[in-house]
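>
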Amino acid sequence: MGTLSGKRALVLGVANERSIAWGIAQALANEGAHIGLTYVGETLERRVRPLAEKIGADVLGSCDVTDDGQIEQLLGEVQSQWGRLDVLVHAIAFAQRDDLTGRFVDTSREGFRLALDVSAYSLVALTRAAMPLLCESGGSVLTLTFAGSERVFPNYNVMGVAKAALESSVRYLAADVGPDGVRVNAISAGPIKTLSAAGIRNFRDMLHVAEERAPLRRNVSADDVGRLAAALAGPAGHGVTGQVLYADGGLSILGV
Ligand SMILES: NC(=O)c1ccc[n+]([C@@H]2O[C@H](COP(=O)([O-])OP(=O)(O)OC[C@H]3O[C@@H](n4cnc5c(N)ncnc54)[C@H](O)[C@@H]3O)[C@@H](O)[C@H]2O)c1
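Under the numbering used here, the first residue of the sequence shown carries the number 5, and numbering increases by one thereafter.
(1) So does T149 have its beta carbon nearer than 7 Å to some heavy atom of ligand 1?
(2) Less than 8 Å separating the beta-carbons of A97 and A166?
(3) Is the segment 207 to 225 touching the segment 63 to 82 in the sense that three or more CB pairs, one from each, lie closer than 8 Å?
(4) Can at least three beta-carbon pairs, one atom from the segment 199 to 211 and one from the segment 184 to 191, be found at a separation below 8 Å?
(5) Taking the alpha carbon of L146 as the point to measure from, which residue in D121, R175 and A99 has its own alpha carbon closest?
(6) Return the residue from the list Y43, R53, P54 and A61 that minimises the CA-CA distance to Y74.
(7) Please state whether DSSP places T47 in a helix, a strand or coil.
(8) In terms of DSSP beta bridges, what is G40 paired with?
(9) Measuring only the C-alpha atoms, how far is R107 from A234?
(10) Kindly examine ligand 1 and report whether one of its heavy atoms sits closer than 7 Å to the Cβ of V162.
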């Protein structure tokens, strides 16, 4: 029996088989959790449905996290199909391509608003909507972040600011919902080649540098992140909340 046997996990952010959310969904399923996936739009639905079949997951519908109505509808679906929720995974980020190149100082007001809304505020909105279910089961919320929140990475720009807001939101949310027995954490992953990462100019350089310099001398995979996520969601993580845990081969400990 796995450590998450009988648990229900809602995973947002699977776009394809390279998605970090997909690595997490598989790891949670391997530990016995029943998974629910969402998608945004018909194109992604066509990619998500065959993946869901592979792990016996439910596809709970489309959810654009900028729309409170869609978030409510999704959690309503979880309530009616499952009647409980133990794990909520937020693996979502977006910024306009123009804002992931050139100088941060040129970020537009709208580009800033959009990146912060999709990539940070959505965690607050989803956690609030999921709380009635999560607090019954002593649930766990997990999001994904990157070291660009604290240090400057070329072209990461507005997404670094969004990740700083996201990490701070993890701490404030953890303090709010902890008394109800709900935990909120983030995993800060090293660079992984995914659809979103392809939108960051010269992302390949980040992969090369990480592989060359990280103490483990390799890049991490979505599976590495998934196994950590499963541990955090299970009994190993029961005393952990409000934290940002690095899964980056040790890259973040280096000074130079
Ligand atoms: N790839 C990396 O190097 C890396 C490193 C650290 C952290 N992260 C973070 O991991 C998370 C997952 O990204 P990924 O790299 O797996 O890429 P991905 O492209 O596979 O996943 C991003 C997901 O965000 C979803 N999304 C975007 N806008 C949305 C919206 N309005 N509503 C709902 N969903 C929306 C997309 O549909 C997609 O499924 C992101 O938060 C990303 O910043 C990625």
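Built from N, CA and C at the ideal position, the CB exists for glycine as well.
Short version:
(1) Locating residue 149 in the sequence shown gives position 145, counting from the first residue. Yes.
(2) Indexing the sequence shown from 1 puts residue 97 at position 93. Indexing the sequence shown from 1 puts residue 166 at position 162. Yes, the pair counts as a contact, with Cβ atoms nearer than the cut-off.
(3) no
(4) no
(5) Start at 1 with the first residue of the sequence shown, and residue 146 comes out as number 142. Among D121, R175 and A99, the Cα nearest to that of L146 belongs to R175.
(6) Residue numbering aside, residue 74 sits at position 70 when the sequence shown is read from its first letter. Note that residue 74 is Gln in the sequence shown here, rather than Tyr. Cα-wise, what sits closest to Q74 is Y43.
(7) Position 43 of the sequence shown holds residue 47. Three-state result, T47: helix.
(8) As a position in the sequence shown, residue 40 is number 36, starting the count at 1. For G40, which the question treats as bridged, DSSP gives the partners L14 and D62.
(9) Within the sequence shown, the letter at position 103 stands for residue 107. Within the sequence shown, the letter at position 230 stands for residue 234. So the alpha carbons of these two residues sit roughly 37 Å apart.
(10) By 1-based counting over the sequence shown, the position of residue 162 is 158. Checking the Cβ of V162 against ligand 1 gives no.
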